[in-house]
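These notes concern the structure reproduced below.
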């Protein structure tokens, strides 16, 4: 499935850090930054999480939730969240079902070796559950600030 701006964001209900679960539909009525990342506790993924976490008060003031998602298991999310004192939910999609529906489980290549992995992508979802903006193949530096500016303009 190839999602585009204006589409209704496909619902999901997946486990989160701390043993909970999160359904996208439970966040209707609020704006949402849903960012997909490859792996907990790696350099770029850590920088991205810390950047969003550092702006969480500004996102909250703009009526916006932040949720991170990766194929890592819940226990790994728990350690990552605790290590960096992250204050937003991390969703575990170990089966990659949601990542595939969103078109984020893709073939990648590094040093000539092909493998499957998560394409770092951020979705801004409006109060009605529609995708207002998509950032694909995200470069981490300055990204959280760019997303915050888009949230404020929405």
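Numbering (the working numbering), first residue to last: 8 to 161.
Note that beta-carbon positions come from the ideal geometry of N, C-alpha and C, so glycine has one too.
In this text, all values refer to a predicted model and were calculated from it rather than measured experimentally.
With a contact defined as Cβ atoms closer than 8 Å, residue 109 and residue 57 miss out at about 23 Å. Per the coordinates, the alpha-carbon of residue 42 lies some 14 Å from the alpha-carbon of residue 29.
Per DSSP, residue 99 is one residue of the beta strand (DSSP E) stretching across 97-99.
Under the three-state reduction of DSSP, residue 87 is assigned to helix.
Of all C-beta pairs linking the segment 50-68 to the segment 13-27, fewer than three are shorter than 8 Å, placing the two stretches out of contact. Measuring C-alpha to C-alpha distances from residue 37 to each of 68, 102 and 53 identifies 68 as the nearest.
DSSP places residue 155 in the uninterrupted alpha helix (DSSP H) bounded by 150-160. If you draw a 10 Å sphere on the C-beta of residue 75, you find 16 or more other C-beta atoms in it, and that means buried.
In this structure, DSSP gives residue 55 a helical state, which the three-state scheme calls helix. In the structure shown, residue 130 adopts extended strand secondary structure according to DSSP, grouped into three states.
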